[in-house]
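Scroll down for the structure; my scribbles are underneath it.
Protein chains: 2
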Amino acid sequence: MSNSAYESLCDRFREIDKLQHAITYLSWDQMVMMPPKGSETRSGSIAELAGLSHAKLTAPEVEIWLSEAESTGDNEVSIREMQRVWRNANCLPAELVKEQIVAGSKCEMGWRTQRAANDWKGFLKNFKPVVENSRREAALRQQASGAKTPYEAMLALHCHGDSEALIDSVFKKLREVLPDLLQRVLETQGSLQGSQRAEYPIENQIKLNKEMLTTLGFDFTAGRLDQSMHPFSTGSAGDSRITTRYETDSFMEALAGTAHEVGHASYESMLPEASRGLPVGESRNMCIHESQSLLFEKQIFYSKAFMHFLTEKVHSHLSTAACLSADDLWKLGIRVAPGKIRVEADEVTYPLHVMLRYEIESALINGEIEAEDIPDIWNEKMMSYLGIDTSDDYTNGCMQDIHWTDGAFGYFPSYTIGAVNAAQIFSCVKSEHSDWQEQFKRGDVGFVRDWLSKQIWSKGCELESQELMQSATGSVTRAESLIEHLEARYLRGEY
Amino acid sequence: MSNSAYESLCDRFREIDKLQHAITYLSWDQMVMMPPKGSETRSGSIAELAGLSHAKLTAPEVEIWLSEAESTGDNEVSIREMQRVWRNANCLPAELVKEQIVAGSKCEMGWRTQRAANDWKGFLKNFKPVVENSRREAALRQQASGAKTPYEAMLALHCHGDSEALIDSVFKKLREVLPDLLQRVLETQGSLQGSQRAEYPIENQIKLNKEMLTTLGFDFTAGRLDQSMHPFSTGSAGDSRITTRYETDSFMEALAGTAHEVGHASYESMLPEASRGLPVGESRNMCIHESQSLLFEKQIFYSKAFMHFLTEKVHSHLSTAACLSADDLWKLGIRVAPGKIRVEADEVTYPLHVMLRYEIESALINGEIEAEDIPDIWNEKMMSYLGIDTSDDYTNGCMQDIHWTDGAFGYFPSYTIGAVNAAQIFSCVKSEHSDWQEQFKRGDVGFVRDWLSKQIWSKGCELESQELMQSATGSVTRAESLIEHLEARYLRGEY
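Order-wise, the sequence lines are chains A and B.
When we follow numbering that gives the first Met the number 0, the leftmost residue of the first sequence carries the number 0, and every step to the right adds one.
When we follow numbering that gives the first Met the number 0, the leftmost residue of the second sequence carries the number 0, and every step to the right adds one.
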């Protein structure tokens, strides 16, 4: 008996998953282990695997299987997710994809030196073709997906299920509240007591970070912690790979980074086993993914109660941190200070950085502004949202991020929608566990993991993202969730 | 214009090479980095890649391209090597390959506990199907390749170009000379002066090994040194991966292992760039490969002159080794002591261990003996070659090696043919560089690398292995080369 169309699709997607596994760990190796001279051959191998994977997904039989499988009426949700992945892979002509890779890597390579040289004009020359390609991409994706605007079609790559309208409404609310909230925080937060500037040996920091990871539920028989230039998390169930960056004169950033990445890693590790290798078994979207990392970082790690627990461990591993009390560390962690750089921004100003990028990139992709217009709009918005002058400082202005250089438009919103989701989800966890602070003080976060596993991680792609938020928290994503959290922590000093 | 058949072949082999690249580094990761729970998914991914690679090699168009390309008369050597790789992949039915994998992994898994339990009977039950499968394989390979015996067809997988007749003649000579030479060495070598038993912190050993690697020409911008249970070398040009195993109470074994692996790594790194990714650009065979590792280990590392250079570095990294002089270290390194275990054997007794295995496995595959006969023959030969009684000690007798468990017959000879080749090659290097010992004393081995690069590494598979030995050393592999070396070092104490 021959396979049903659906079984053939499952086999095919599992084959693709095995190629993606290879790409995942080869890429990890490239960033964490590989010596510099291995670069060219490695890129060639990864490109070959990506090509094979793409060919397996776009082969003519897949379209036939999809329509056959759909017609049976079974496995509806699984097939919906297969369709989505298939459509994303099929709607661009190979020629455009190639052009994008060429223009994107030229722009990114140039950016590495142009950013440092504050060379906007040089960058703009490479950036304009990237924008043009992305506009073509957005138009084609809009056509294929029925998105309301070209930008929404790009958004769907990262934030599928969160419409431009929803994201717009969240930012609208944040725009009304945050600049004023920020002023109040700046007026009320006292001067900083302790300072963490001292010498902290990296081997001690590694031990501290590993101990914290274990506390946060990370399983070292199913994962690793290493170092890289930019912290990231990758891998899959059974083999999570987290990286952190250590500085010898501070330790909070590395800890916060590790806490952030373990949120990503936990989600990927705890996806539903039965549908492993199938689209429906994957993580939902980046807004949900980022909510998991931000929940571990902002809601758990930076809480007074967890910091209380952690302080003892900090003291035992880092003798030079003995002068810092739990309260010092907490205040250090939640210090608010507006600045030019997004990745260094605190929890209150970060959404403003993202909002600015969201407004610019959506207007750019929807054809309302041109690449040339970016610096002026950037400066104006930085002044209005954060009161910071970035004129003529492209390096720390509109050239600071890598995202746009290779056309990753539509990604930025996930940082802030993720932060809102994290606050909203954690507020539910808290309401069900009134002793949460006592548990955190003992280093017990198992109840949070259990909640997330049941409500989020085990769902994979069964629900669309806003259905998932609704089922987990009783509501779609609400900007108020983040605002309430920020007010409680930064104005009332509650946790 | 469409590609010529030869161009199509080149493209295809380069695609396969990119898949092999992925398998190489995923396997390295599996052995060096991967957490235990990643095992199952990783094996699945590697199997998928191996299957894709095999399918690309055995696809019908390849046979057509091969015969078309051959008929043009061009690129003769390159096509010869493509034919060889293609024939090796094509001559076994898929059903046999599958049976072999199943029986082989059952036997190997069982062996892990049976060896420790000295359970020959239990092992034999799993081992007999492995032998039967290998005999079928050998018969099919003989048919496809025109080898003179079934065993020669298996040999060709690892020692292609070195005939059973040549290997036989080498072992015949060694059999005549070595047992007697061993007795004379044992009678003349004095008692050992220094002992290396002390505490050597692993981080210091790592630094020492890395410094030695740099001395031996290893480029850390194109490679790494890590730790694993069993030292090995893998990777390709631009990205060599060497591993070593450290003990805290000794350091010479790790250094020797590192020196050995850098020989393998250097060969792989310095293969001809123009034919990278094609069979003709690969390393020749395991007899040549092992000659490179043994040249670095036995001829360079264990030489009096290099040990003289290294002693200062040992002292500077390992304070507890300060009591050991250069002469102590050299004598420690070349200590001869017959024992039951091959991997612990010294340079003089090692070939006898290999000879015994060669005699048994060739008779087994050629159908002259049965698996049941192995222990008796083993014991008899151990007594005759090394004067050691292994009766009833299967653990340290015929069950000590992993090789046969999954049917890797025909590999063992490469250890000793490699040792002979190493001695023969190095004797040429010495004859052209009469100041070799002065150079080694300064830690200068560049002249050896230059020689090897020109005569061996840059040749890839252009020449058959004995043509390569002839062109590099003026003669095919001669047992006398090893005997002369052993006599000079172990009887006359020359270097």
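Virtual Cβ for every residue (Gly too), placed ideally from N, Cα, C.
Residue-level contact to chain B via CB, residue i, 7 Å cutoff
i                     : result
residue 37 (chain A)  : yes
residue 487 (chain A) : no
residue 43 (chain A)  : yes
residue 203 (chain A) : no
CB contact below 7 Å: residue i versus chain A
i                     : result
residue 21 (chain B)  : yes
residue 40 (chain B)  : yes
residue 238 (chain B) : yes
residue 55 (chain B)  : no
residue 220 (chain B) : yes
residue 209 (chain B) : no
residue 17 (chain B)  : yes
CB of residue i within 7 Å of CB of residue j, strictly
i                     : j                     : result
residue 482 (chain A) : residue 176 (chain A) : yes
residue 243 (chain A) : residue 255 (chain A) : no
residue 275 (chain A) : residue 460 (chain A) : no
residue 264 (chain A) : residue 241 (chain A) : yes
residue 464 (chain B) : residue 161 (chain B) : yes
residue 419 (chain A) : residue 472 (chain A) : no
residue 80 (chain A)  : residue 271 (chain A) : no
residue 381 (chain A) : residue 389 (chain A) : yes
residue 305 (chain A) : residue 217 (chain A) : no
residue 262 (chain A) : residue 292 (chain A) : yes
residue 138 (chain A) : residue 146 (chain A) : no
residue 85 (chain B)  : residue 4 (chain B)   : no
residue 406 (chain A) : residue 121 (chain A) : no
According to DSSP, residues forming a beta bridge with residue i
i                     : result
residue 234 (chain B) : B:239
residue 226 (chain A) : A:243
residue 249 (chain A) : A:246
Per-residue contacts from residue i into chain B (C-beta, under 7 Å)
i                     : result
residue 223 (chain A) : 32 and 34
residue 14 (chain A)  : 47
Proximal residues of chain A, C-beta to C-beta of residue i below 7 Å
i                    : result
residue 24 (chain B) : 25 and 28
Per-residue contacts from residue i into chain E (C-beta, under 9 Å)
i                     : result
residue 242 (chain A) : You won't find chain E in this structure, because its protein chains are A and B.
As assigned by DSSP and simplified to three states, the class of residue i
i                     : result
residue 0 (chain A)   : Interpretation of residue 0 (chain A) is limited by its pLDDT of 47, a score under 50 that renders its predicted location unreliable; the figure taken from the coordinates is listed afterwards. It is coil, neither helix nor strand.
residue 519 (chain B) : This structure leaves residue 519 (chain B) out entirely; chain B is present only between 0 and 494.
residue 349 (chain A) : helix
residue 389 (chain A) : coil
residue 156 (chain B) : helix
residue 190 (chain A) : coil
residue 183 (chain B) : helix
residue 442 (chain A) : coil
residue 29 (chain A)  : helix
residue 369 (chain B) : coil
residue 463 (chain A) : coil
residue 37 (chain B)  : helix
residue 333 (chain A) : coil
residue 117 (chain A) : coil
residue 81 (chain B)  : helix
residue 134 (chain B) : helix
residue 434 (chain B) : coil
Contacts of residue i in chain B (Cβ-Cβ under 9 Å)
i                     : result
residue 474 (chain A) : Near residue 474 (chain A) there are no residues of chain B at all, since even the closest Cβ is about 36 Å away, more than 9 Å.
residue 265 (chain A) : Near residue 265 (chain A) there are no residues of chain B at all, since even the closest Cβ is about 14 Å away, more than 9 Å.
residue 7 (chain A)   : None at all; the shortest Cβ gap to chain B is about 16 Å.
residue 235 (chain A) : 37 and 40
residue 351 (chain A) : Those within 9 Å of residue 351 (chain A) in chain B number zero; the least Cβ separation is about 39 Å.
heavy atom of the ligand FAD below 6 Å from residue i C-beta
i                    : result
residue 30 (chain B) : Looking for the ligand FAD in the displayed structure turns up nothing, as the structure carries no ligands at all.
Neighbouring residues, chain B, relative to residue i (Cβ below 8 Å)
i                     : result
residue 215 (chain A) : Chain B residues near residue 215 (chain A): none, gap ~16 Å exceeds 8 Å.
residue 363 (chain A) : Within 8 Å Cβ-Cβ: nothing; residue 363 (chain A) doesn't reach chain B, min ~36 Å.
Per-residue contacts from residue i into chain A (C-beta, under 8 Å)
i                     : result
residue 156 (chain B) : Correct list: empty, because the minimum Cβ distance to chain A is about 25 Å.
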